[in-house]
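Worksheet for the structure shown next.
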Amino acid sequence: MSAKAVEQWPCGMAAREKKAEAPEDVARGLENLPVSAWPPGAWPKPFQYTPDHVAGPGADTDPTQITFPGCSCLQTPCLPGTCSCLRNKENYDANLRLRAIGSETERAEPVFECNILCQCSDQCKNRVVQRGLQFHLQVFKTEKKGWGLRTLEFIPKGRFVCEYAGEVLGFAEVQRRIQLQTIHDSNYIIAVREHVYNGQVIETFVDPAHIGNIGRFLNHSCEPNLLMIPVRIDSMVPKLALFAAKDILPEEELSYDYSGRFLNLMDSKNKERLEKPNVS
């Protein structure tokens, strides 16, 4: 049986029970794989690590609350038409690559994975983001952009890389935090707007500044190698999952487009779209 511990953070808050932490693990043993830091001896400013969203001030929905019913695929594989978690087509191929990543004319579609109430096995191929990190990543000091995040191994196009996890906030709290920021503060807050068929807009605000995961170290690029997709598993609050938009080589820095330009690519015939504007 593996040893377990409860991580005590500098702010005095206790994180959830976890495996004994690996040496110099930025993730504090809370991810599937340890996340190293470079150069040796350097360390990011303290923050409370969480691999998942947590409810913050003003959040309408608790991201840990189970809100979706499970599928009944006990004896058969989860397939479109028979699995209630799959709407029109499969989310992932046999190699666990996101099918939605294709040409630049295709939109980024929201994804529904099988959840804790589903009767399918843990090996169901519609369970990807919930499996956590599958590639070794490293937080590193860049030459001009502060801390960044890079991969230590090859990542094929379409594979899940990491989440952008943090406090889920209400809009009033987002405005309050923005107003308190100085020119020296980094803005980690992300706003995701999902336009659904009935004309409604679902907004999700996430801030990993004080409580978050390794996604907080991702830097902006106008030519990003990651694509952010809302993925729903147990809760109506989406996980902000980042997938490889192309093949990514070892030691390549990971990045996405803060402006949301890369997310807004969509088929003009489709009525649903996803956009991630800056919050200001």
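Taking this note's numbering, the leading residue of the sequence shown gets 267, the next gets one more, and so forth.
Note that beta-carbon positions come from the ideal geometry of N, C-alpha and C, so glycine has one too.
Residues near residue i in its chain [Cβ-Cβ closer than 8 angstroms; skip 5 each side]
{"i": "residue 346", "result": "352, 353, 354, 355, 356"}
{"i": "residue 513", "result": "420, 421, 422, 423"}
{"i": "residue 496", "result": "376, 377, 458, 460, 470, 504, 505, 506, 507, 540"}
{"i": "residue 413", "result": "310, 405, 406, 407, 483"}
{"i": "residue 579", "result": "Within the shown structure, residues of the chain are numbered from 267 to 546, placing residue 579 beyond reach of any answer."}
{"i": "residue 333", "result": "327, 500, 501, 502"}
{"i": "residue 401", "result": "299, 417, 418, 419, 421, 425, 427"}
{"i": "residue 341", "result": "none"}
{"i": "residue 365", "result": "355, 356, 357, 358, 359, 424"}
{"i": "residue 308", "result": "407"}
{"i": "residue 303", "result": "290, 292, 309, 310, 404, 405, 406"}
Contacting residues, own chain, Cβ-Cβ under 7 angstroms from residue i (five flanking each side not counted)
{"i": "residue 510", "result": "421, 422, 423, 424, 425, 427, 491, 492"}
{"i": "residue 367", "result": "423, 424, 493, 509, 511"}
{"i": "residue 523", "result": "486, 487, 488, 490"}
{"i": "residue 516", "result": "417, 418, 419, 420"}
{"i": "residue 538", "result": "In this prediction, residue 538 scores a pLDDT of 33, lower than 50, which makes its location untrustworthy; no coordinate-derived value is stated."}
{"i": "residue 344", "result": "337, 351, 352, 380, 386, 390, 392"}
{"i": "residue 315", "result": "281, 293, 294, 296, 479"}
{"i": "residue 521", "result": "484, 485, 486, 487, 490, 491, 492"}
{"i": "residue 369", "result": "Per-residue confidence for residue 369 stands at a pLDDT of 47, beneath the threshold of 50, marking its modelled position as unreliable; no derived number is given."}
Close-in-space but distant-in-sequence residues of the same chain around residue i (CB under 6 angstroms, 5 per side omitted)
{"i": "residue 371", "result": "Any answer about residue 371 is weak, because its pLDDT of 41 lies below 50 and its placement is not dependable; what the coordinates show is given next. Nothing meets the Cβ criterion."}
{"i": "residue 454", "result": "473, 474, 475, 482"}
{"i": "residue 384", "result": "336, 337"}
{"i": "residue 438", "result": "324"}
{"i": "residue 498", "result": "378, 504"}
{"i": "residue 467", "result": "459, 461"}
{"i": "residue 452", "result": "none"}
{"i": "residue 388", "result": "none"}
{"i": "residue 519", "result": "414, 416"}
{"i": "residue 362", "result": "394"}
{"i": "residue 411", "result": "485"}
Residue(s) in a DSSP beta bridge with residue i
{"i": "residue 506", "result": "496"}
{"i": "residue 417", "result": "403"}
{"i": "residue 221", "result": "Lying before the first or after the last residue shown, residue 221 is absent from the chain, which here runs from 267 to 546."}
{"i": "residue 382", "result": "None; residue 382 has no bridge partner."}
{"i": "residue 514", "result": "421"}
{"i": "residue 358", "result": "364"}
{"i": "residue 377", "result": "497"}
{"i": "residue 321", "result": "434"}
Range covered by the beta strand (DSSP E) that runs through residue i
{"i": "residue 458", "result": "456-461"}
{"i": "residue 366", "result": "Note, residue 366: premise wrong, no beta strand (DSSP E); not H, not E."}
beta-carbon residue i near the ligand PLP non-hydrogen atom, thresh 7 angstroms
{"i": "residue 357", "result": "Absent from the structure shown: the ligand PLP. Ligands present: none."}
| query | Which whole runs of the beta strand (DSSP E) in the stretch 465-502 are 3 residues long or more, in chain order? | reply | Correct list: 467-478, 492-498.
| query | If you scan the stretch 425-453 from start to end, which runs of the beta strand (DSSP E) of 3 or more residues do you find wholly inside it? | reply | With a minimum length of 3 residues, the continuous beta strand (DSSP E) runs that stay inside the stretch 425-453 are 426-429, 432-435.
| Would you say the stretch 468-476 touches the stretch 396-408, given that touching needs at least three Cβ pairs under 8 angstroms? | The stretch 468-476 vs the stretch 396-408: no contact.
| query | Quick one: any contact between the stretch 432-441 and the stretch 323-333, if contact means 3 or more CB pairs under 8 angstroms? | reply | When C-beta atoms of the stretch 432-441 are compared with those of the stretch 323-333, three or more pairs fall below 8 angstroms, so the two segments count as touching.
| query | Within the chosen definition, does the stretch 383-395 reach the stretch 440-447 through at least 3 CB pairs nearer than 8 angstroms? | reply | Contact fails between the stretch 383-395 and the stretch 440-447, because fewer than three Cβ pairs, one in each stretch, are under 8 angstroms apart.
| request: Could I get the ranges of all uninterrupted alpha helix (DSSP H) runs contained in the stretch 292-318, with 4 residues as the minimum, in chain order? | output: Within the stretch 292-318, no complete alpha helix (DSSP H) segment of 4 residues or longer occurs.
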